[in-house]
Amino acid sequence: MKNLDRSFYFVNISVILIEMKSVGGDCVLKFYCIPTCSTCKAAKKWLTQNQIEFEEINLKTNPPAKEEVMELFKQTDLPMKRFFNTSGMVYREKGLKESFQHLSQEEAAELLSTEGMLVKRPLLVDETAVLVGFKEENYQVLL
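Once you know that position 46 of the sequence shown is 64 in my numbering, the rest is easy, because the numbers rise by one and skip nothing.
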């Protein structure tokens, strides 16, 4: 992955959480997604076609840990709300539209870590950048 300035962030509509880990000098991506999500499918297809290795993790069954979410908040200048699927049913069922402004970072991280359907997808993360959503031109930074 190219070296990116910490202020270099792309934000779009949807969530795949991809976290870079160093393994023998190579970067291995973790790809959190909802397998049936069309945006996630498009992002996965792009990553595969561009021969970018990743580990796929289902957000529904294995959302990121609270600590990981807190790190994402610290790593970016993005508002917390960008990490939430605000158009999703779970967001509406929990009444978050009305109560979101009163959430602390800890409470928001707890919600995202316990309910994967609240996470906006796809979300792409490395040590220096966070990409929320999928736009092919934004993913070009991976090449």
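For every residue, glycine included, the Cβ atom is placed at its ideal position computed from N, Cα and C.
The structure displayed is predicted, hence computed values, not measured ones.
Discussion item. Assuming Lys-99 and Met-135 are in contact, meaning their beta carbons sit under 8 Å apart, how far apart are those beta carbons, in whole angstroms?
Written reply: Along the sequence shown, read from residue 1 onward, the residue named residue 99 stands at position 81. Along the sequence shown, read from residue 1 onward, the residue named residue 135 stands at position 117. Distance from Lys-99 to Met-135 at the Cβ level is roughly 16 Å; contact not present, criterion being Cβ atoms closer than 8 Å.
Practice prompt. To the nearest angstrom, report how far apart Gly-151 and Leu-142 are at their CA atoms.
Written response: Within the sequence shown, residue 151 is the residue found at index 133, counting from 1. Within the sequence shown, residue 142 is the residue found at index 124, counting from 1. Leu-142 has its alpha-carbon roughly 8 Å from the corresponding atom of Gly-151.
Fill in: CB contact flag (Glu-73, Lys-112, <7 Å)
As a working mapping, residue 73 is identified with position 55 in the sequence shown. As a working mapping, residue 112 is identified with position 94 in the sequence shown. Not a contact, by the Cβ cut-off of 7 Å.
Discussion item. At the level of alpha carbons, what is the spacing between Glu-155 and Leu-149?
Written reply: In the sequence shown, residue 155 corresponds to position 137, counting from 1. In the sequence shown, residue 149 corresponds to position 131, counting from 1. Cα to Cα, Glu-155 sits roughly 11 Å from Leu-149.
Fill in: Counterpart residues of Ile-75 in DSSP-defined beta bridges
Numbered from 1 along the sequence shown, position 57 holds the residue referred to as residue 75. For Ile-75, which the question treats as bridged, DSSP gives the partners Tyr-50.
Practice prompt. Kindly indicate which three-state DSSP category Phe-152 falls into: helix, strand or coil?
Written response: Taking the sequence shown and counting its residues from 1, the one referred to as residue 152 is at position 134. The three-state secondary structure of Phe-152, taken from DSSP, is coil.
Discussion item. Can you confirm whether the segment 83-90 touches the segment 120-132 when touching is taken to mean that 3 or more C-beta pairs between the two stretches lie within less than 8 Å?
Written reply: These segments touch.
Worksheet item: Alpha carbon to alpha carbon, what distance is there between Ile-70 and Leu-160?
Response: Reading the sequence shown from its first residue, position 142 is the one you call residue 160. Reading the sequence shown from its first residue, position 52 is the one you call residue 70. Note on geometry: alpha-carbon atoms of Leu-160 and Ile-70 lie some 8 Å from one another.
Discussion item. Going by C-alpha to C-alpha distance, which of Thr-54, Tyr-50, Lys-59 and Pro-53 sits closest to Lys-153?
Written reply: Your numbering for residue 153 matches position 135 in the sequence shown. Checking every option, the nearest Cα to that of Lys-153 belongs to Lys-59.
Practice prompt. Please name the residue, chosen from Ser-56, Ala-127 and Phe-102, that lies closest to Val-137 on a Cα-to-Cα basis.
Written response: Taking the first residue of the sequence shown as position 1, residue 137 is located at position 119. Distances from the CA of Val-137 to each of Ser-56, Ala-127 and Phe-102 were compared; the closest alpha carbon is that of Phe-102.
Discussion item. When you compare the CB positions of Arg-110 and Cys-51, do they come within less than 7 Å of one another, or not?
Written reply: Here residue 110 refers to the residue found at position 92 when the sequence shown is read from its first residue. Here residue 51 refers to the residue found at position 33 when the sequence shown is read from its first residue. Against a cut-off of 7 Å, the Cβ pair of Cys-51 and Arg-110 comes out as no contact.
Practice prompt. Could you check how far apart the C-beta atoms of Gln-123 and Met-88 are, in whole angstroms? I think they sit under 8 Å.
Written response: Residue mapping note: residue 123 aligns to position 105 of the sequence shown, counting from 1. Residue mapping note: residue 88 aligns to position 70 of the sequence shown, counting from 1. Confirmed, Cβ separation roughly 7 Å.
Discussion item. Can you tell me whether Thr-57 is buried or exposed? The criterion is at least 16 other CB atoms within 10 Å of its CB, across all chains shown.
Written reply: On the sequence shown, residue 57 is found 39 positions in, with the first residue counted as 1. By the beta-carbon neighbour count (other beta carbons within 10 angstroms, threshold 16), Thr-57 is buried.
Discussion item. Going by DSSP, what residue range makes up the alpha helix (DSSP H) through Leu-142?
Written reply: Counting from one through the sequence shown, the residue named residue 142 turns up at place 124. Premise fails: Leu-142 lies in the beta strand (DSSP E), 141-143, not in any alpha helix (DSSP H).
Worksheet item: Terminal residues of the continuous alpha helix (DSSP H) containing Leu-129?
Response: Locating residue 129 in the sequence shown gives position 111, counting from the first residue. Element bounds for Leu-129: 123-132.
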